[in-house]
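There are 2 protein chains.
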Amino acid sequence: MPLNRAVPEPTIARLALYLRSLRLAQIEGLETLSSADIEARTGISSGQVRKDLSYFGEFGKPGLGYAVTPLVDRIAHIMRLDRNQPVMIVGAGNLGTALAGYTGLHESGFQLVAVYDNNFSKIGRRIWDLEILDIEDMPAINASMSVEIGIITTPAPSAQMVADQMVKSGVRAILNFAPTRVSVPRDVAVRNVDLTQELQILCYYLPPSATTEEMEA
Amino acid sequence: MPLNRAVPEPTIARLALYLRSLRLAQIEGLETLSSADIEARTGISSGQVRKDLSYFGEFGKPGLGYAVTPLVDRIAHIMRLDRNQPVMIVGAGNLGTALAGYTGLHESGFQLVAVYDNNFSKIGRRIWDLEILDIEDMPAINASMSVEIGIITTPAPSAQMVADQMVKSGVRAILNFAPTRVSVPRDVAVRNVDLTQELQILCYYLPPSATTEEMEA
DNA sequence: TAGATTGTTAATCGATTAACAATC
DNA sequence: TAGATTGTTAATCGATTAACAATC
């Protein structure tokens, strides 16, 4: 009877890492892995591994470790990755088109089933094998498609409008690539991926150059 | 004499957010903003704003708030965003090509100056206005270019090799889009952006569907 | 059984929040 | 001056790490 309440978010992020790593181990034919083995493969400490897994039950055997295949299945089930998840992309620009063609999506259990845009010169054209749909039609189309995961790849000024349209259409989880925060109801999950923010953070950690030293002096 | 030691990483990430938000305020013609105003614009609490800024000095005036333009300049300087930062992309596939065409890069103070690949059918071709270079030539080419920031947009199996080549060529900060961790010397900064991990995390937070309830029962 | 490794508790660490004296 | 808001200290919160009894 696992008490799912209050699982730390970093634990969920690491669960995804364990899953990827364990699937590689599965391919290598390994049947059992100790938390120390998982540490060696992921860089996450064995104690952390055990703590993370313990939020969801007792999956290991003292003295032996974890049976790989059952553990993969358990994590996949916990994360709802044991079924094919349909996904929509809104914004058929460079990034949206690139993501639509990304094979990793399918390999990770996601299936892109719709691409939307608001630009009439794009609507009706095809991206890979999908027709670009009119964002205005999303509520009607999604009534039958029931896609719950949406990816925003529009410019920042459109992002809020797109998020609103998604929520209206039944989307419950949003991955936002637009460099702006979007407001959604509390029961809709949002994660932001902000490329320029990441680059800016990296800049800060760049070692001081000779030029910089000069400037500070 | 700011004690830069031990500035929390989340503070640096928020600094980038403040910067973006303050620049918008600048465009709106606002001259002064209190930490409460910044909270209203970013969603980050006023106390957190003041604490974050206090790591780097005293920029505000009690009773008044912060003068926008000087604050923008200070944050930009702290984050080394007061100069144009050259960037390289390695991996001229869908994602690399999309990023190369992303106008936000330039708008945020970055300039893409080189694109590398290891595929002979791509090397020599052009992406936007840049010729795709042979990854083998990176150390020689970068000796004169001195690019310190690299973006990896290759498939996972190539990522480590690319990171090694980058380090060898003088890159000091890496943004890794490949779904795998890369090992680099301690003095090289790495940030990972993992699209499928983000989607998987979102899956976990999806509200339980009728179907799921059934399955659990 | 003896050795290995789990699951969990308690200690530590670090970041966020609350609160307020200093001060513009 | 009175009102507003800073910079900072102390309290709180939450996550990670260390350690070990339970157990395969």
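Just so you know, the protein sequences line up as chains A and B, in that order.
Letter by letter, the first sequence follows residues 1 to 217 of the working numbering.
Letter by letter, the second sequence follows residues 1 to 217 of the working numbering.
For every residue, glycine included, the Cβ atom is placed at its ideal position computed from N, Cα and C.
Here residue 11/A is not bridged, per DSSP, to any residue. Annotation for residue 119/A: no beta strand (DSSP E) segment contains it, and DSSP assigns it neither H nor E.
Residue 73/B sits in a helix when the DSSP states are folded into three classes. Counting only residues of its own chain and dropping the five nearest sequence neighbours on each side, residue 7/B has a CB closer than 6 Å to the CB of 55. In this structure, residue 22/B places its C-beta atom within 8 Å of the C-beta atom of residue 68/B.
Within chain B, 175, 191, 193 have C-beta atoms less than 7 Å from the C-beta of residue 198/A, given in sequence order. Annotation: the region 121 to 160 of chain B contains the following complete segments of the beta strand (DSSP E) (minimum length 3 residues), in chain order: 130 to 134, 149 to 152. By the neighbour-count definition (other C-beta atoms within 10 Å, threshold 16), residue 92/A is a buried residue. Cβ-Cβ distances below 6 Å link residue 36/A to 46 in the same chain, with the five nearest sequence neighbours on each side left out; the list follows chain order.
Counting only Cβ-Cβ distances below 7 Å, residue 148/B has contacts in chain A at 206, in chain order. Here DSSP, grouped into helix, strand and coil, assigns residue 64/B to coil. For residue 94/A, the three-state secondary structure derived from DSSP is helix. Residue environment: residue 176/B is assigned as buried (16 or more neighbouring CB atoms within 10 Å of its CB, all protein chains considered). Secondary structure of residue 163/A (DSSP, three-state): helix. Listed in chain order, the non-local C-beta contacts of residue 86/A below 6 Å within the same chain comprise 111, 113, 147, local neighbours out to five positions each way being set aside. For residue 98/B, the closest C-alpha among the options 117/A, 58/A, 153/A is that of 153/A. Per DSSP, the beta-bridge partners of residue 88/B are 114/B, 150/B. Around the CB of residue 129/A, fewer than 16 other CB atoms lie within 10 Å, so the residue is classed as exposed. A distance of 8 Å or more separates the beta carbons of residue 105/A and residue 32/B.
The Cβ of residue 94/B sits closer than 8 Å to at least one Cβ of chain A.
Looking at 81/B, 70/B, 41/B, the one whose alpha-carbon comes closest to that of residue 202/A is 81/B. Measuring C-alpha to C-alpha distances from residue 199/A to each of 142/B, 16/B, 206/B, 9/B identifies 16/B as the nearest. For the pair residue 41/A and residue 64/A, the Cα-to-Cα distance works out to about 17 Å. Put simply, of 185/B, 204/B, 13/B the residue whose alpha carbon is nearest the alpha carbon of residue 187/A is 204/B. Per DSSP, residue 6/A lies in no alpha helix (DSSP H) segment and is marked neither H nor E. Within the same chain, Cβ atoms closer than 6 Å to the Cβ of residue 139/A are found at 168, 169, the five residues on either side in sequence being excluded. Between residue 189/B and residue 173/B, the C-beta gap is smaller than 8 Å, which places the two residues in contact. In this structure, residue 100/A lies near residue 127/A, with their beta-carbon atoms less than 8 Å apart. At least one beta carbon of chain A lies nearer than 8 Å to the beta carbon of residue 110/B. Between residue 90/A and residue 193/B, the C-beta spacing is not below 8 Å. In the structure shown, residue 191/B falls within a strand segment according to DSSP collapsed to helix, strand and coil. Cβ atoms of residue 135/A and residue 118/A come within 8 Å of each other, at about 5 Å. Bridge pairing for residue 32/B: 67/B [DSSP].
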